[in-house]
Structure formats: structure tokens, C-alpha cells
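Chains as they are written, first to last, in full-length UniProt numbering: chain G, 1 to 498; chain P, 1 to 170.
Reading through the C-alpha cells given below for one structure.
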């Protein structure tokens with residue numbers, strides 16, 4: 001199916017009253033999550049994932065994508081108005097956005113953030129439409145050895161995305177791979193690490209793990225502090241940017257879109273990296289770089305465009321190859337699997353309705369978000385006054401009910417709580433949890449492909465070198481690992497400890 | 001989170017961090033040992049224990065590396081590594097955290113008998129009060145009932161999810 005026909009078919013799937021409702025609800029919830037500091041998109045998606053289990057696959061994933069997009073849009077509101085980023089990708093928006101708000105230009109900053117995000121999101125989706133099927137058509141010719149090599153490359157890239165200690169990241173990958181191995185071995189039927197427990201024989205539920213690690217641990221960290229609602233002093237007027245604002249912003253939006261799209265494609269890249277890099281680029285290419293941080297609209301337009309473009313391009317490896325590039329796309333992959341859809345090259349053929357439906361839903365979601373963000377910005381600001389004492393316990397109950405509703409198994413609730421406590425403790429010691437989840441998702445696929453490859457190979461592991469594509473990907477994985485070592489060594493030499 | 005410094009609390013966190021690293025070493029050894037029991041290879045290729053063995057090696061290697069780093073650098077964090085300056089950063093944090101874990105655990109235990117709605121209506125007010133002690137019990141109870149009722153309406157009524165029911169039929 002060519003992209004135009006595919007997209008038209010996708011709109012046919014998505015343009016039902018029910019799906020539109022799901023996207024609208026997702027956009028509202030996402031914006032709300034983005035506005036409220038404390039709960040990031042990852043925690044929100046993991047907490048709300050169970051609520052989508054009962055929905056049809058297209059509606060469920062469309063709603064989750066809308067939540068992710070919405071949190072990106074909403075995150076800029078608190079950055080600009082109260083200098084507190086609603087989520088990590090909006091940190092750089094604080095610098096110039098809040099300075100603009102203090103100068104009485106909060107409306108222009110908010111307007112440009114929303115419009116820049118909309119433009120980048122739309123361009124990103126158009127490229128996604130063209131690129132994902134091409135990549136998928138290429139990937140469909142891949143066999144188990146190529147898949148095993150691809151998963152290996154994905155895991156190697158996971159190490160590249162680690163910001164802090166690579167050793168701690170490696171431990172998290174090992175832990176994730178081990179946790180994924182718990183349960184019955186699908187090849188031999190042997191039980192692994194179940195300690196005789198019937199509950200563990202089917203393995204550990206991904207949903208309970210991610211809700212615990214990201215959602216519950218986030219709440220535990222926040223509950224330690226006595227957080228309260230906050231007051232907003234900035235006045236809101238003239239949300240539509242002026243001609244001068246547009247003149248200053250169009251180039252940063254285009255640069256941010258291109259940069260964000262490229263970063264989002266890379267495993268380990270994502271909206272946070274994209275927004276920081278875009279800000280760095282704007283400072284470098286902009287006139288009078290010393291005025292950045294003092295209310296330059298380019299410092300809002302570029303990063304906001306970049307983080308939204310990265311969200312779109314992050315969907316390409318997920319939908320076409322079945323490889324999640326970051327923790328959020330790993331979670332979306334989990335949502336598809338829970339709904340009986342296996343992302344990857346065959347998805348375009350087996351579940352073309354979901355593939356194109358999800359892409360079409362991104363267009364709709366983007367329009368909803370623009371409409372929700374510009375006229376209703378005052379309403380979102382009022383939500384900052386919701387006391388956390390009400391918010392967090394209610395979210396915990398949502399997590400409990402949602403986790404239970406996925407499998408109707410009380411054991412999953414204990415898993416969720418256990419991983420919540422473990423995640424909370426690990427975060428205090430600087431352990432990043434995203435590599436654990438990525439390994440938890442990728443390791444079973446790698447193990448299965450590896451064992452299938454070995455069964456079909458008369459020459460053992462040589463099959464990975466005899467197949468050119470597999471050999472190239474393994475070489476790339478080795479290259480990535482060497483890059484990590486080189487990067488760390490350089491950092492150490494420049495000044496720090498490895 | 002802040003980078004750990006070299007003050008007393010930073011040293012305490014560095015020691016705790018080293019203890020966690022030691023735990024990884026022990027876990028890695030246990031995983032490798034158990035995996036070998038499952039078998040690492042058979043005539044067709046990797047056996048059931050092969051993959052968990054690799055995972056165990058990664059955990060063990062990482063743990064050993066962290067311990068070595070601790071010895072060499074005296075517990076300094078890696079560049080970009082964000083370790084909390086101290087385990088409990090705010091006054092009353094151990095109490096709030098413990099109550100939250102115990103109450104959620106209690107709710108899980110109570111769910112088969114009370115159902116989610118009733119367990120939530122009992123547990124949530126306690127959490128509200130612990131997080132915001134300045135609020136009255138009356139407002140905590142009312143908010144708890146509203147939140148639990150809303151959750152019941154969303155999952156059991158709107159989405160039709162079969163949830164455990166309590167003695168009152170919800």
C-alpha cells in the first residue's frame with residue numbers, strides 16, 4: 001500500500017466517533033500531565049496504560065500517543081509561566097520562556113510554543129508517513145539472524161543513551177534481561193527462576209513493571225517532599241505571535257524540526273536530547289548569543305519544535321522495525337503487544353488498520369492539541385492549583401485498579417508495588433530505569449531470534465557473519481559499544497570520573 | 001537530585017551506593033550459578049540457561065566495576081550521574097514513604113474482601129492526611145470517597161472491567 005492510500009485508509013479507520021473521543025481524551029490528559037509538574041509523560045503513560053487495555057487496539061494506541069504529544073505541548077505552559085518544567089523536554093523552554101513572561105510577553109511565548117510544536121509535529125508526521133513504510137518494506141526481508149543482530153544493536157544503543165554511569169546502565173540492562181527470562185522457556189518448556197511459584201510461571205507482567213518503576217516510584221519521590229499547588233502571576237494576553245516574532249522564529253522552527261526528527265530516529269534519542277540540542281544550535285547560529293536566556297523567542301520556538309518532531313520520528317523504528325528507541329516508545333510497544341498487535345515489518349501487512357490508523361491519529365491529535373492549548377491556556381493554568389495531596393493518592397488508586405484490570409491478577413499488584421519501591425530506591429542512587437525496561441522488552445525477542453538462528457544454521461554462530469545485513473548490524477553494535485567506551489574515556493580525560 | 005559531595009551525608013550515600021554494588025555482585029553470581037543449572041547449551045544451540053547467564057554476567061560485571069570505581073575514586077560519582085545528596089532529603093520523608101507503602105500494601109490485601117471501591121475509600125483518606133496533614137479528616141474522607149467512586153465509575157461502569165466487589169456489591 002502506498003503512503004497516500006495507506007494514510008487515507010488510516011483516516012477511514014480513525015475517523016469514527018469513538019476513536020475521535022479517545023484522541024480527544026488523550027490530548028486533554030496529556031496536556032494536564034504536561035502542565036502538572038511532578039509526573040512526567042513516562043510515568044503518566046505507564047499509569048494510564050491499563051485504562052486502555054479494554055479499548056480496541058487503534059483507539060488504545062491513538063489515545064496513548066495523544067497523551068505523549070499532549071504532555072509535550074502542556075510541558076511548555078508551566079515552563080513559561082512559573083519557571084517549572086512540566087516534563088524534562090521543557091527544561092530549556094524555561095530559560096527564555098519564563099524571561100519573556102516576566103517581560104509581559106507570556107502570551108507570545110505560549111503561542112509560539114504551541115504553533116512551533118504544531119508545525120514540527122505536522123512535518124514530522126508527513127515524513128513518518130513516507131519513511132515508515134519504506135523501512136518496513138525493507139525489513140520484511142529480514143530473517144531471525146538479522147532480527148537477532150538488530151535487537152543486539154538496539155541493546156547496544158540503549159547503553160549509548162545512558163546519561164550517568166554506564167556501569168549502572170549495564171546492570172539495569174542485565175537486570176531487565178533476567179527479569180524477562182523469568183517464567184516458562186517457550187522453546188524447551190522449562191521453568192526459569194520461578195521458585196515454584198505458579199504466579200511467576202507465566203513471567204512478570206510488563207505493565208506491572210513499568211507502572212511500578214516509573215509511576216509508583218515517581219509518586220514515592222514526590223510524596224517525600226511536601227509539594228503544594230502553586231500560584232501563577234504572569235498575565236496572559238495576545239497569544240498570537242506578532243509579525244516580528246514569526247520573522248525571528250520561522251528558521252529556528254525549521255532547524256528544530258529537522259534536528260528533532262533526526263535525533264528522534266536514533267535509538268536512545270528523544271524529545272529531551274532534541275530540545276537541548278536545538279537550544280544549543282540556536283545559541284550558536286543566533287545573533288547576540290549573550291541575550292539567550294533573557295527572553296529570546298528563538299529559544300522557545302526551536303526547542304519546542306524539536307521535541308515534537310522527535311516524538312513523531314521516534315515512531316518510525318517502533319512501527320517499521322518493532323524496535324523502541326526510548327522508554328516511551330517501549331511503553332507504546334508494550335501497549336500494542338498487550339492489545340495483540342506485534343509492531344514490526346509485518347504489522348503493515350497483518351495489521352494495516354492499526355499501522356495507518358495510528359499514523360492518521362497523530363494528525364488528528366496534533367490539531368486537537370493546538371485547539372486545546374491556545375484558547376484554553378487559562379484553564380490549564382488553573383489546574384496548577386490542584387493540591388498534590390489529592391492528586392497522588394488518586395493516581396495510586398488508578399494504578400492499582402488499572403494494573404489489576406489488565407490480567408485480573410492480584411499478584412500483579414504486588415509486583416507493581418515491589419517494583420515501585422525498587423525503582424524509587426534505585427533512582428536515589430542514580431540508576432536510570434529506561435534501560436531496564438528496554439532490555440525487558442528487547443531481550444525475549446533477541447533470545448528467540450538468536451535461538452531460531454542457531455537452529456537453522458549448520459555452521460553455528462557463523463550464520464551471523466554469513467548474512468551480510470546481520471554482519472553489518474553486529475559490526476554497528478560493536479561500533480556503538482566502542483563509541484561508548486571512547487566517549488566515557490574522553491569525558492574522564494576532560495575532567496571527571498568514569 | 002544533586003551530585004553527591006564529599007561531606008558526611010555524601011559519604012554516607014557513597015557507602016550505601018557501594019553496598020548496593022556489592023548486592024549486584026552477589027546477585028550476578030547467583031544468576032550465573034542458577035543459569036548453569038538450567039544448562040548453557042544443547043546440540044541445537046543455546047539452552048534455557050544461556051541468556052540468563054549472559055544477563056547475570058552483565059549484572060556481575062557491572063557490580064564489580066562499580067566496586068572497583070568506588071575503591072579507585074573514593075566513592076565519587078561518574079559524570080552526569082545524579083545521586084541524591086542523602087537518602088531521606090526532607091523532614092518526615094521516612095514516615096510519609098512508609099505509610100504510603102503500608103497503606104497501598106494493605107489495600108492490595110483488602111481488595112479481595114472489600115473490593116477496589118471500598119478499599120480505596122478506606123485507604124485514600126489516610127494517604128491524603130499523611131501527605132497533607134493540615135487538611136481535616138472530614139475533607140480527607142470526602143475526597144477519598146469521591147476519588148474511589150470516580151475510579152469505580154470509570155473502570156467498572158464505563159469500561160465494564162470486572163473488578164472484585166466488596167460486601168456492599170461494589
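The C-beta atom is built at its ideal place from N, Cα and C for all residues, glycine as well.
The model shown is predicted, which means the values in this text are computed figures rather than measured ones.
Quick one: is the Cβ of residue i within less than 7 Å of any heavy atom of the ligand HEM?
i, result
"residue 58 of chain P", "What this structure holds is no ligand at all, so the ligand HEM is not there to describe."
Along chain P, in chain order, which residues have C-beta atoms closer than 9 Å to that of residue i?
i, result
"residue 423 of chain G", "Per Cβ cutoff of 9 Å: no residues; residue 423 of chain G is ~13 Å from chain P at best."
"residue 75 of chain G", "Near residue 75 of chain G there are no residues of chain P at all, since even the closest Cβ is about 19 Å away, more than 9 Å."
How is residue i classed by DSSP in three states: helix, strand or coil?
i, result
"residue 468 of chain G", "helix"
"residue 13 of chain G", "helix"
"residue 136 of chain P", "coil"
"residue 166 of chain P", "coil"
"residue 45 of chain P", "strand"
"residue 299 of chain G", "helix"
"residue 286 of chain G", "coil"
"residue 255 of chain G", "helix"
"residue 500 of chain G", "Residue 500 of chain G cannot be examined here, being either before or after the span of chain G that is shown, 1 to 498."
"residue 87 of chain P", "coil"
"residue 228 of chain G", "Any reading at residue 228 of chain G must be qualified, since the residue scores a pLDDT of 49, below 50, and its modelled position is unreliable; the value itself is stated next. Three-state result, residue 228 of chain G: coil."
"residue 351 of chain G", "coil"
"residue 192 of chain G", "strand"
"residue 342 of chain G", "coil"
"residue 294 of chain G", "coil"
"residue 431 of chain G", "coil"
"residue 83 of chain G", "coil"
Checking contacts by CB at 8 Å: is residue i closer than that to chain G?
i, result
"residue 56 of chain P", "yes"
"residue 98 of chain P", "no"
"residue 167 of chain P", "no"
"residue 11 of chain P", "no"
"residue 145 of chain P", "no"
What does residue i reach in chain G if we use C-beta pairs closer than 7 Å?
i, result
"residue 46 of chain P", "450, 451 and 454"
"residue 63 of chain P", "171"
"residue 151 of chain P", "397, 398 and 401"
"residue 38 of chain P", "190 and 192"
By Cβ distance, which residues of its chain are closer than 6 Å to residue i, with the 5 residues on each side in sequence left out?
i, result
"residue 231 of chain G", "With a pLDDT of only 49 at residue 231 of chain G, under the threshold of 50, the placement of this residue in the model should not be trusted; the figure read from the coordinates follows. Nothing meets the Cβ criterion."
"residue 22 of chain G", "59, 62 and 63"
"residue 146 of chain G", "469 and 470"
"residue 452 of chain G", "144"
"residue 228 of chain G", "Note that residue 228 of chain G scores 49 on pLDDT, short of 50, meaning its location in the model is unreliable; the coordinates nonetheless yield the value given after this. Taken in chain order, the list of residues that qualify is empty."
Quick one: residues in its chain with C-beta nearer than 7 Å to the C-beta of residue i, no 5 flanking neighbours on either side, listed in chain order?
i, result
"residue 27 of chain P", "59"
"residue 212 of chain G", "415, 416, 417, 418, 419, 420 and 423"
"residue 155 of chain P", "161 and 163"
"residue 119 of chain P", "107, 110 and 111"
"residue 131 of chain P", "96"
"residue 245 of chain G", "108, 112 and 297"
"residue 303 of chain G", "92, 93, 256, 275, 278 and 279"
"residue 101 of chain G", "80, 81, 109 and 234"
Can you give the beta carbon distance from residue i to residue j, rounded, assuming they're within the 8 Å contact cut?
i, j, result
"residue 167 of chain G", "residue 65 of chain P", "4 Å"
"residue 399 of chain G", "residue 143 of chain G", "Between residue 143 of chain G and residue 399 of chain G the Cβ distance is about 40 Å, and since that is not below 8 Å, they are no contact."
"residue 413 of chain G", "residue 404 of chain G", "6 Å"
"residue 190 of chain G", "residue 54 of chain P", "That belief does not hold up - the Cβ atoms of residue 190 of chain G and residue 54 of chain P are roughly 17 Å apart, past 8 Å."
"residue 140 of chain G", "residue 345 of chain G", "4 Å"
"residue 218 of chain G", "residue 97 of chain P", "That belief does not hold up - the Cβ atoms of residue 218 of chain G and residue 97 of chain P are roughly 13 Å apart, past 8 Å."
"residue 365 of chain G", "residue 27 of chain G", "6 Å"
"residue 132 of chain G", "residue 14 of chain G", "16 Å between Cβ atoms; not a contact."
"residue 282 of chain G", "residue 252 of chain G", "5 Å"
Quick one: which chain P residues come within Cβ less than 7 Å of residue i?
i, result
"residue 214 of chain G", "Correct list: empty, because the minimum Cβ distance to chain P is about 16 Å."
"residue 173 of chain G", "58"
From the beta carbon of residue i, is the nearest beta carbon of chain P less than 8 Å away?
i, result
"residue 520 of chain G", "The question about residue 520 of chain G has no answer, for chain G in this structure spans 1 to 498."
"residue 500 of chain G", "The displayed coordinates of chain G run from 1 to 498. Any statement about residue 500 of chain G would go beyond what the structure contains."
"residue 389 of chain G", "yes"
"residue 165 of chain G", "yes"
"residue 43 of chain G", "no"
"residue 192 of chain G", "yes"
"residue 22 of chain G", "no"
"residue 218 of chain G", "no"
"residue 229 of chain G", "Summary for residue 229 of chain G: the model assigns pLDDT 47, below 50, so the residue's position carries little reliability; its value from the coordinates is reported in the next sentence. Judged by the 8 Å Cβ criterion, residue 229 of chain G is not in contact with chain P."
In chain G, what lies closer than 8 Å to residue i by C-beta?
i, result
"residue 162 of chain P", "408"
"residue 52 of chain P", "177, 178, 181, 192 and 193"
At a CB-CB cut-off below 8 Å, which residues of chain P make contact with residue i?
i, result
"residue 405 of chain G", "155, 159, 161 and 163"
"residue 298 of chain G", "Per Cβ cutoff of 8 Å: no residues; residue 298 of chain G is ~27 Å from chain P at best."
"residue 188 of chain G", "47 and 48"
Cβ closer than 9 Å: which chain G residues qualify as neighbours of residue i?
i, result
"residue 107 of chain P", "396, 397, 400 and 413"
Which same chain residues, not among the five before or five after residue i, have their C-beta less than 8 Å away from its C-beta?
i, result
"residue 96 of chain G", "109, 292, 293, 294, 295, 296, 297, 298, 299 and 300"
"residue 159 of chain G", "166, 169, 170, 173, 435, 480, 481 and 484"
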